[in-house]
Amino acid sequence: MGRRAARARPATTWAVDEEAIDIAASLDAIAKVMRRSAWDEARKLPVALTPPQLLAMQTLVEAARPGLGSGDPAGEGLSLSELSTRIGLAHST
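Each residue of the sequence shown is one higher than the one before, counting from 52 in this note's numbering.
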């Protein structure tokens, strides 16, 4: 029985690994659709946005979505300082 249990464990681990890979692929596909949606909305604007503006918009949208680790349980949005930090902007002097 000990030998049988040893064989079952790698198969179970393999199944879990495959399921994790499938879940990660699904999450990547969802993220791609969400990004595409933000880009599609930006293209509808009367004035074209620059890539940094699109990044800021995407960051704000992602932070506003509940349950995505926005770090803002009250739903108040990001401060300008937090937005700058998340998208890697330096302070202007």
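The beta-carbon is built from N, C-alpha and C at its ideal position, and this holds for glycine as well.
Rounded straight-line distance, which links the Cα of P102 to that of D39: Nothing about residue 39 can be read from this structure; the chain reaches only from 52 to 144.
message: So, with DSSP's three-state summary, where would you put S130?
response: coil
message: Can you tell me whether L131 is buried or exposed? The criterion is at least 16 other CB atoms within 10 Å of its CB, across all chains shown.
response: exposed
- request: Helix, strand or coil for L111, going by three-state DSSP, please let me know.
  value: helix
- prompt: If you draw a straight line from the alpha carbon of I72 to that of L78, how long is it in whole angstroms?
  reply: 10 Å
Any C-beta of chain D under 9 Å from that of A71: Absent from the structure is chain D; it holds one protein chain and no more.
- request: Determine the DSSP secondary structure at V203, reduced to helix, strand or coil.
  value: For residue 203 there is no data in the structure shown, the boundaries of the chain being 52 and 144.
- request: Give every residue of the same chain whose Cβ lies closer than 8 Å to the Cβ of A66, excluding the five residues on either side of it in the sequence, and list them in chain order.
  value: none
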